[in-house]
Amino acid sequence: MIDFHLDLRSGVSPYQQLVQQVQRALRLGLLSVGDKLPTVKEVVAKLAINPNTVLKAYRELEHLGLVTPRPGWGRS
Numbered sequence: 224m225i226d227f228h229l230d231l232r233s234g235v236s237p238y239q240q241l242v243q244q245v246q247r248a249l250r251l252g253l254l255s256v257g258d259k260l261p262t263v264k265e266v267v268a269k270l271a272i273n274p275n276t277v278l279k280a281y282r283e284l285e286h287l288g289l290v291t292p293r294p295g296w297g298r299s
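Listed below in structure tokens is the structure:
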């Protein structure tokens with residue numbers, strides 16, 4: 224499972240950083256099709272960010288076709 228980190232000094236919005244980290248992990252083979260992403264609640268607890276920020280990132284990843292919501296399982 225991916226371990227998200229934020230760089231608040233980067234000038235890149237937190238949601239974009241999450242999207243970029245998933246894209247990079249997929250490109251490098253650190254994430255594979257079907258791998259589960261952390262739940263919104265887990266990301267919020269770790270990074271102390273608004274749940275809507277995580278939801279926005281996950282929706283963007285869905286829009287890009289990189290993740291698929293799986294009821295009862297979260298996103299993979």
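Each step along the sequence shown adds one to the number in my numbering, with nothing skipped, and position 75 is 298. Just so it is clear, CB atoms sit at the ideal spot from N, CA and C, and this is done for glycine as well.
Straight-line gap, residue i to residue j (C-alpha atoms, nearest Å)
| i | j | result |
| --- | --- | --- |
| Asn-273 | Ala-248 | 23 angstroms |
| Leu-289 | Lys-259 | 12 angstroms |
| Val-277 | Thr-262 | 9 angstroms |
| Arg-293 | Ser-233 | 32 angstroms |
| Thr-383 | Glu-285 | There is simply no residue 383 to check, as the chain begins at 224 and stops at 299 in what is shown. |
| Met-224 | Val-266 | 12 angstroms |
| Leu-287 | Lys-269 | 25 angstroms |
| His-228 | Ala-271 | 11 angstroms |
Within 8 angstroms, strictly: CB atoms of residue i and residue j
| i | j | result |
| --- | --- | --- |
| Val-256 | Glu-283 | no |
| Gln-240 | Asp-230 | yes |
| Val-245 | Leu-251 | no |
| Tyr-238 | Lys-279 | yes |
Residues that DSSP places opposite residue i in a beta bridge
| i | result |
| --- | --- |
| Pro-261 | Answer is none; Pro-261 lacks a bridge partner. |
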